[in-house]
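Residue numbers (our numbering): 1 to 775. Glycine included, C-beta positions come from ideal geometry on N, C-alpha and C. Some notes on the structure that comes next.
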């Protein structure tokens, strides 16, 4: 479904402040625990995370190039900051001990310098340089960051400590030290972990009133009182004694002496630290600057592109302005004792899902956090460290979950090699060498697949002579030549920018020796955005290239892939289709752009559809299709992948746009909140049972009320509840966020046939609609 983008600037802020304010509150509730946890995991004081989030909200909003992204501290830079602090620490020559806080102040200086470099990169339009990093290498770096976070935070989550000096040793210690875990700490972590795992799967909206991380903090506090963490003492359990006390709680005072008369604002101001630039001439300092700049810039770019895909209005982020915004924010943050500021995907996803319209939701979220600091500091100091630790353990696991490697393998064995190699190199060295090593391995494998000399390989990249050629009737061809990989992306993007709007573009890869994943992802994103603006894109010439996978984005170099045999579920669907006279195809279809016209998929990108069953309600002239689809809710580390069976019906007549689904008690509460932003549940006074049972929304309330006749309402009351959505010319129907069983598909077909009979207009209605349309 296409939308009209909100106005920008002050006009947009005034028109959409309700939406932005409500979205910002939800984002702030997510940002509060995550900011505290990121700061602790980075080796900084907890308050530094909140300070960073506030600055990211207030400062970045003024200069940014994005629309619905949220700025603040993120897990992606935990490893870079933690390593920087460790490498820059001063050692007291008398005692041989680390001088407390010294590494932090030098790291703050590195953050300020890094922010300055990002500002310069943005001013000189160098934001696109971050696009040339291969996609699999970036995922490998993120996976390595996930392993590092997991290894560092699993110990405070279990109440153990590791003396290992490397990540692998720290990770192994988590298993070796399991017998000595503190059960009073571990039970808090286990409760939090279960909440984080099952929160997205719970259908009751009561549990979604607060985000999962906030539930973890709130439910952890009663345990603190139960075990009395406020006083240092021992508790006996199964014949062993375990130490508990205030050292297991969050300390927001940054080491300030206890003073009952000190206000929360004074505590907050007392946590401000200033950078020390005295090591600016040292190698460790500049290594820290380069690592923070590189990882921060890449992460911001990746997040910005992911957020643009989720934005229902398909607005595009100005990457150069975004670099200026995060750079300036990092300068301010580093100068006051905070972390680097980047675009953050988890909070941005929450922002979009809560219907934010403009960039000012980022500002409001920063102001909400400032309010939380002033009001909730005493409450936050009752939260156990293990609650924050388990949130980060879960975040780390999602960054390096088996699904990441499975998805890489689905795109080709070589992509799995790139991800794993980058991961290993990063863990054995650091993020900078991980990027360098990952790129080197990627180029080496591509060189072997291209089967040319090193000299010819780089000549075919930088002198490929790929070109955009005009054809008649508003058609253009992008002719690819030579090696088309991540190093040629700047040139490819320059050619794509020259494509006129609303034309037909043919991307011809028949003359390309090799086309890699990163370039194919760029084409895929361009196709998605271009077709949403009334253009069309066709990719040809890659059918006979060699691939190690049947994935549409797999690296191409010259051969057709082998068709996979049918699984048990596919065999049952094929048999049922033959019995009913339906057409069945189990092949994967990557073209799912039409689904974007439905509201449900505004911010839920569809990866693929398969197991397509097609048929026709011949008496009604309605063609239908049932398919298994895979879609993402969120992106990157916040992504939840769903495999769902949906039915799509193409109507030979026009109907109003609407969405109808089940409504419960908590849905009613959310309706009242949504009504504040202009949304409304359409109720029918004469049918209270229907209004109680269903949530009905749409743009044209008058047309919807006319469409929902008493006959249709009574029909829906008596049947199973499905999610039914109209885009004006077609219906989308599904019941579960899982794959349907064969008998459930049959029920869906029967239900939709009966539904169509209820909404098919008679001859008089069709003639009236025809006259109205022609007038």
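Opening and closing residue of the beta strand (DSSP E) in which residue 513 lies
512 to 515
Would residue 220 and residue 191 qualify as a contact pair, given that the criterion is a beta-carbon distance under 9 Å?
yes
Using three-state DSSP, classify residue 630 as helix, strand or coil.
strand
Cα-Cα, which of 643, 41, 52 is closest to residue 338?
52
DSSP state of residue 186 mapped onto helix, strand, coil:
Shown here, residue 186 sits in a helix according to DSSP, grouped into three states.
In angstroms with no decimal places, state the Cα-to-Cα distance between residue 180 and residue 168.
Their backbone Cα atoms lie some 19 Å apart in a straight line.
Please state the DSSP three-state secondary structure of residue 12.
Per DSSP, reduced to three states, the secondary structure at residue 12 is helical.
Meets three-Cβ-pair contact criterion under 8 Å: the stretch 383 to 396 and the stretch 242 to 256:
Yes, they touch.
Pick helix, strand or coil for residue 456, following the three-state DSSP scheme.
helix
Would you call residue 34 buried or exposed, if buried means 16 or more other Cβ atoms sit within 10 Å of its Cβ?
buried
Nearest-angstrom Cα separation, counted from residue 538 out to residue 473:
15 Å
Span separating the alpha-carbon of residue 581 from that of residue 574
10 Å
Residue ranges of each beta strand (DSSP E) within the stretch 530 to 570, 3 or longer:
536 to 540
Where does residue 650 fall in DSSP's three states?
strand
Quick one: what's residue 781 bridged to in DSSP?
Nothing can be reported for residue 781: it is not among the residues displayed for the chain, which extend from 1 to 775.
According to DSSP, residue 146 sits in a beta bridge with which residue or residues?
Note: residue 146 sits in no beta bridge, so no partner.
When the Cα atoms are used, what is the spatial distance from residue 659 to residue 423?
44 Å
Cα-Cα separation, residue 583 to residue 358:
The straight-line gap from Cα to Cα measures roughly 45 Å.
Can you name the start and end residues of the beta strand (DSSP E) that residue 734 belongs to?
730 to 734
Considering Cα atoms alone, identify which of 617, 171, 15 is closest to residue 156.
171
From this set, 320, 652, 287, which residue's C-alpha is nearest residue 297's C-alpha?
320
Taking the straight line between their C-alpha atoms, what separation do you get for residue 215 and residue 106?
36 Å
How would you write the range of the alpha helix (DSSP H) that residue 283 sits in, first residue to last?
Following the DSSP letters along the chain, one finds residue 283 inside the alpha helix (DSSP H) bounded by residues 283 to 310.
Contact belief for residue 464 with residue 483 at Cβ below 8 Å, rounded distance in angstroms:
Rounded, the Cβ-Cβ distance is 6 Å, consistent with contact.
Looking only at DSSP bridge pairs, what is residue 105 linked to?
For residue 105, which the question treats as bridged, DSSP gives no partner whatsoever.
Please classify residue 99: does DSSP put it in a helix, a strand, or coil?
coil
May I ask which residues mark the beginning and end of the alpha helix (DSSP H) holding residue 470?
Element bounds for residue 470: not the alpha helix (DSSP H) but the beta strand (DSSP E), 467 to 471.
Using a Cβ distance threshold of 8 Å, determine whether the stretch 78 to 97 contacts the stretch 279 to 295, with at least three qualifying pairs required.
yes
Which one of 260, 69, 300, 578 has the shortest CA to CA distance from residue 133?
With distances taken between Cα atoms, residue 133 lies closest to 300.
Hey, out of 323, 450, 324, 439, whose CA is closest to residue 513's CA?
Nearest neighbour of residue 513 by Cα position, chosen from 323, 450, 324, 439, turns out to be 450.
Taking the alpha carbon of residue 753 as the point to measure from, which residue in 624, 602, 438 has its own alpha carbon closest?
Per the Cα distances, 624.
Residue environment, residue 121, which counts as buried when at least 16 other CB atoms sit within 10 Å
buried
Which of the three DSSP states, helix, strand or coil, is assigned to residue 776?
Here the chain comprises residues numbered 1 to 775, so residue 776 is not present and cannot be evaluated.
First and last residue of the uninterrupted beta strand (DSSP E) at residue 242:
240 to 244
Return helix, strand or coil for residue 586, following the three-state DSSP convention.
coil
Nearest residue (CA-CA) to residue 737, options 642, 726, 310, 323
642
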